[in-house]
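**Student:** All the letters of the sequence shown, read from the start, carry residue numbers 5 to 283 under this note's numbering.
Provided herewith is a single structure, encoded as structure tokens, for subsequent inquiry.
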Amino acid sequence: MPDYNPEDVELNEHAAWDQVWTGELYEDAIAFITSLSGQTEIALELGEITSDSRVLDVGCGPGLLSESLAKHAASVEGIDFSETMIEQARRLRSGAMFRVANAEKLPFSDDDFDVAVCCYTSHHFARPETVYTELLRVLKPGGHVVVLHPIQAENAAFGAIFQTLGDVFPPEKMETFPDLGGPLFEVETPEPYIEMLRNCGFTNVACEKRLKHCSLPNDDALVRATVQIGKVEDHSGELRDAIVRATHASSAKYKQADGSYLFPDNILVAKGLKPLDPA
Ligand SMILES: C[S@@+](CC[C@H](N)C(=O)[O-])C[C@H]1O[C@@H](n2cnc3c(N)ncnc32)[C@H](O)[C@@H]1O
């Protein structure tokens, strides 16, 4: 893993999710990729979630996954260290509980959860081993940790948005976007997750690459994402027209015969169990 200064990562991440990609903007511009494109089914499968499960959604953002998991579980707690994310989750989501908390130090007792899910979040942790050791603590013996990790270079919807941003904005503007990511940010293969989860004390660890898709009826969501991320004020002017044209171009190869879009998203899925007997 590359060398990151954890204090810098934590400061950048906290500021970005609280002040730039705030709950409302994130939900409008990004969540259709990170939590509404098949993540629920994968988390249910890997975590073996049933109507008896008590589930922790770690770095829950605006709580979309928490809400959909809550329909299948006994209870769901979503935590995030961004206040704007938790404020948005509490305002709009039902079925789950939400708290502001750092995943490195959770406000839960030992052996509390059956399943802990990190969905598109792990690559933002400043100290991943600290987080996964903490998740081991709050899981019951035999409880499941589940990770859905986006491979940055293999997420076509994000790729199309960033290509559009690069096409319509000058390089100086691109440099103003927050620099995000922790030690796992560029991970593209299973091995680092397998090693880390084992080091943290998990057993039955497995990780594999899995292809899923983000399916959209048209490319409007990508236009909206680019307008939001680029903070375009004039929603009917020339710049917006340029964004629409550039989005059509950057998305063209994912367009289906019926006019809908299918963006491939290659992710790593990892899982492990808390041992039944303490080592
Ligand atoms: C890309 S968003 C993912 C949100 C949500 N899981 C989803 O799939 O849409 C990453 C989230 O992780 C949160 N996060 C990053 N590091 C964290 C930490 N140490 N403790 C709690 N939340 C953290 C951020 O505030 C942000 O909301």
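We put the beta carbon where it would ideally sit given N, CA and C, even for glycine.
All figures in this text were calculated on a predicted structure; none of them were measured in a lab.
Which residue from 217, 276, 40 and 230 puts its Cα closest to that of residue 246?
**Tutor:** When each option's Cα is compared against that of residue 246, the closest is 230.
**Student:** Would the region 160-174 count as touching the region 97-108 if we require 3 or more Cβ pairs under 8 Å?
**Tutor:** Cβ pair count under 8 Å is below three, so no.
**Student:** Can you have a look at residue 278 and say buried or exposed, based on whether 16 or more other CB atoms are within 10 angstroms of its CB?
**Tutor:** Per the 10 Å Cβ criterion, buried.
**Student:** Do the region 102-113 and the region 28-44 touch if we need at least three Cβ pairs shorter than 8 Å?
**Tutor:** No, because fewer than three Cβ pairs between the region 102-113 and the region 28-44 fall closer than 8 Å, the two stretches do not touch.
**Student:** Which value, in whole angstroms, describes the spacing of the CA atoms of residue 201 and residue 280?
**Tutor:** Taking the straight line joining both Cα atoms gives about 16 Å.
**Student:** For the alpha helix (DSSP H) containing residue 109, name the first residue and the last one.
**Tutor:** It is not in any alpha helix (DSSP H) - residue 109 carries neither H nor E in the DSSP assignment.
**Student:** So which of 223, 152 and 117 has the shortest CA-CA distance to residue 275?
**Tutor:** Per the Cα distances, 152.
**Student:** Can you tell me whether DSSP reads residue 261 as helix, strand or coil?
**Tutor:** Here residue 261 sits in coil by DSSP.
**Student:** Could I get the ranges of all uninterrupted alpha helix (DSSP H) runs contained in the region 163-202, with 4 residues as the minimum, in chain order?
**Tutor:** Qualifying alpha helix (DSSP H) stretches, in chain order: 175-178.
**Student:** With a 10 Å radius around its C-beta and 16 neighbouring C-beta atoms as the bar for buried, classify residue 208 as buried or exposed.
**Tutor:** By the neighbour-count rule (16 or more Cβ atoms within 10 Å), residue 208 is not buried but exposed.
**Student:** Can you tell which of 171, 197 and 182 has its C-alpha closest to the C-alpha of residue 23?
**Tutor:** Cα-wise, what sits closest to residue 23 is 182.
**Student:** What are the boundary residues of the beta strand (DSSP E) that includes residue 58?
**Tutor:** That run of the beta strand (DSSP E) goes 58-62.
**Student:** For residue 148, name the three-state secondary structure that DSSP assigns.
**Tutor:** Residue state, collapsed to three classes: strand.
**Student:** Beta strand (DSSP E) containing residue 117: first to last residue?
**Tutor:** It spans 117-123 - the beta strand (DSSP E) in which residue 117 sits, taken as one unbroken run.
**Student:** Please classify residue 260 as buried or exposed, where buried requires at least 16 neighbouring CB atoms within 10 angstroms.
**Tutor:** Exposed, since its Cβ has fewer than 16 Cβ neighbours within 10 Å.
**Student:** Thinking C-alpha only, which one of 70, 160 and 223 is nearest residue 120?
**Tutor:** Among 70, 160 and 223, the Cα nearest to that of residue 120 is on 70.
**Student:** Could you give the residue range of the beta strand (DSSP E) that holds residue 16?
**Tutor:** No beta strand (DSSP E) contains residue 16, which is instead part of the alpha helix (DSSP H) from 10-19.
**Student:** Is residue 171 near residue 143, with beta carbons less than 9 Å apart?
**Tutor:** No, these two residues do not count as a Cβ contact at 9 Å.
**Student:** Nearest by alpha-carbon distance to residue 236: which of 217, 221 and 177 is it?
**Tutor:** Answer by Cα proximity: 177.
**Student:** What residue from 64, 195 and 78 has the CA that sits closest to residue 90's CA?
**Tutor:** Taking only the C-alpha atoms, the option nearest residue 90 is 64.
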